[in-house]
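S.K.: Take this structure first; my questions come after.
2 protein chains.
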Amino acid sequence: MATLNRPGTADGHACGIDTAMEVIGGRWKVLILWALREHPLRRFGELRRLLPGITEKVLASHLREMEADGVVRRVSYDEVPPRVEYSLTEDGIRLNDALEPLAAWGRDRSTGPRSRDEPA
Amino acid sequence: MATLNRPGTADGHACGIDTAMEVIGGRWKVLILWALREHPLRRFGELRRLLPGITEKVLASHLREMEADGVVRRVSYDEVPPRVEYSLTEDGIRLNDALEPLAAWGRDRSTGPRSRDEPA
DNA sequence: GTGCGTGGTTACCCCAAGGTGAGCGAGCAC
DNA sequence: GTGCTCGCTCACCTTGGGGTAACCACGCAC
C-alpha cells in the first residue's frame with residue numbers, strides 16, 4: 164500500500180521506523196494488534212465486537228493488509244456459516260512487544276506530571 | 164486536535180499507544196524527530212533541507228503540533244532575517260527512545276530472513 | 001528602485017483512507 | 001417459503017491531511 168515516494172527514503176531510508184509505520188499506519192491497526200494479543204484466536208465477529216466503532220469493511224481490509232504484512236494469521240474453515248479465525252504471527256507478537264515502550268510513553272505522559280516543558 | 168471518538172477509548176482507553184499515535188501520527192513527524200535527534204538545534208531552513216520533499220506548510224504545521232504536544236522546543240530570536248531554532252524536549256527525546264524498538268523491528272524485517280510466516 | 005534570503009501564512013485543490021449501507025451465498029430453524 | 005447467521009464484498013460518499021503556489025515583512029546588497 165502507498166507506494167508513494169517514501170520520505171526519508173531519499174538518503175537510503177530513514178531508520179526502519181518508516182517500515183513499521185507502514186504496517187501500523189492505519190486508524191485501527193494497533194488496536195487490532197492489541198485486541199489480538201489480549202484475546203488470541205478470535206473470529207471476525209468477535210474482533211468487531213472487541214473494537215466498538217469499526218466497520219466491517221475497515222476491519223476486513225485492515226486484517227487483509229496485516230495478513231499480507233505477515234503480522235496476522237488467518238485460518239478459515241470450510242463450514243456454513245463460515246468460520247474464520249485470526250491470530251498474531253511471531254512477527255506480530257514481536258511488533259506488539261516493540262510497541263510497548265511507545266505505549267509506556269503515552270501512558271506516562273497521560274498520567275505523569277504535566278510540568279516538564281508545556282506550560283498548561 | 165482530532166477530538167473524534169477515539170477508538171478503544173470506549174473501554175476507558177486502549178493502552179497509551181493511541182496517545183503516542185496521535186503525537187507521531189503525521190506523515191513526517193517521526194522523520195522530524197529523527198532529524199532533530201541526529202542534528203540537534205536546527206533552523207527551519209536546515210530542517211527543510213534535511214527532509215527532502217517536505218513543504219514549508221507541512222513542516223511548519225507539524226512543528227507547531229509537535230511543539231503543542233511538548234516534544235519539540237521552539238526558540239525564535241528577534242533578528243532580521245528571522246532566526247528560529249528547533250530542538251527536542253526531554254519528552255521528545257524519550258519519545259524517540261521509545262521509537263527505537265519499533266525501528267529495530269522494521270530494520271529486522273527488512274534485512275532478516277523472510278521465511279517466518281509469509282510465503283513469499 | 002530591484003532582488004535575495006529568512007520563516008512563515010494564506011488560499012486553494014486533490015486524493016486516498018475511512019465511513020455508510022446494501023447485498024450475497026450457503027445452510028439451518030421454523 | 002421467510003428469516004437468521006457469518007464473513008465478507010461492492011458501490012458510493014465524505015473528510016481532512018497533505019501538496020501547490022503565491023504572498024508577507026524586514027534588512028541588506030546592488
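Taken in order, these protein sequences are the chains called A and V.
Just add 163 to wherever you are in the first sequence, counting from 1, and you've got the working numbering.
Just add 163 to wherever you are in the second sequence, counting from 1, and you've got the working numbering.
Beta carbons are placed, not taken as given, at the ideal position from N, Cα and C, and that holds for glycine.
I need the boundaries of the alpha helix (DSSP H) containing Pro-186(V), first residue and last residue.
M.R.: Residue 186(V) sits at position 23 when you count from the first residue of the second sequence. This sequence places Val at residue 186(V); Pro is not what is there. Start and end: 180-187.
S.K.: Measure the C-alpha to C-alpha separation of Ser-250(A) and Leu-214(V) and round it to an integer number of angstroms.
M.R.: Start at 1 with the first residue of the first sequence, and residue 250(A) comes out as number 87. Start at 1 with the first residue of the second sequence, and residue 214(V) comes out as number 51. Looking at the two C-alpha atoms, the distance is approximately 37 Å.
S.K.: Could you name the residues that DSSP lists as bridge partners for Val-235(A)?
M.R.: As a position in the first sequence, residue 235(A) is number 72, starting the count at 1. DSSP output for Val-235(A) lists Leu-251(A) as bridge partner(s).
S.K.: With a CB to CB cut of under 6 Å and the five nearest residues on each side skipped, what residues in its chain are close to Ser-239(V)?
M.R.: As a position in the second sequence, residue 239(V) is number 76, starting the count at 1. Taken in chain order, the residues that qualify are Val-247.
S.K.: Excluding the 5 residues flanking Arg-205(A) on each side, which residues of the same chain have their C-beta closer than 8 Å to its C-beta?
M.R.: Start at 1 with the first residue of the first sequence, and residue 205(A) comes out as number 42. Non-local C-beta neighbours of Arg-205(A) in its own chain, meaning closer than 8 Å and more than five positions away in sequence, comprise Ala-198, Leu-199, Leu-213, Glu-248, Tyr-249, Ser-250, ordered along the chain.
S.K.: Just to make sure I have the definition right: I need the residues of chain V whose C-beta is within less than 7 Å of the C-beta of Thr-182(A). Which are they?
M.R.: The count along the first sequence starts at 1 and reaches residue 182(A) at position 19. The contacting residues are Gly-269, Arg-272, Ser-273.
S.K.: Are the C-beta atoms of Ala-223(A) and some chain V residue less than 8 Å apart?
M.R.: Translated into positions along the first sequence, residue 223(A) becomes position 60. Not one chain V Cβ lies under 8 Å of Ala-223(A).
S.K.: Could you tell me if Lys-289(A) is buried or exposed, where buried requires 16 or more neighbouring beta carbons within 10 angstroms of its beta carbon?
M.R.: The structure shown has nothing for residue 289(A), since chain A only spans 164 to 283.
S.K.: Could you check which residue in Ser-273(V), Arg-227(V), Ile-256(V) has the C-alpha nearest to that of Arg-155(V)?
M.R.: Since the first residue shown for chain V is 164 and the last is 283, residue 155(V) is missing from the structure and cannot be characterised.
S.K.: Tell me the rounded alpha-carbon separation between Leu-265(A) and Val-235(A).
M.R.: Working through the first sequence from its first residue, we reach residue 265(A) at position 102. Working through the first sequence from its first residue, we reach residue 235(A) at position 72. Straight-line Cα distance between these residues: approximately 20 Å.
S.K.: DSSP state of Arg-246(A), grouped into three classes?
M.R.: Counting from 1 along the first sequence, the entry for residue 246(A) is found at position 83. The answer is strand: DSSP assigns Arg-246(A) an E or B state.
S.K.: Under a CB-based cut-off of 8 Å, is Gly-208(V) close to chain A?
M.R.: For this step, residue 208(V) is matched to residue 45 along the second sequence. Cβ-Cβ to chain A under 8 Å: no for Gly-208(V).
S.K.: Any Cβ of chain V within less than 8 Å of the Cβ of Asp-241(A)?
M.R.: If you number the first sequence from 1, residue 241(A) lands on position 78. No, Asp-241(A) lies away from the interface with chain V (no Cβ there is under 8 Å from its Cβ).
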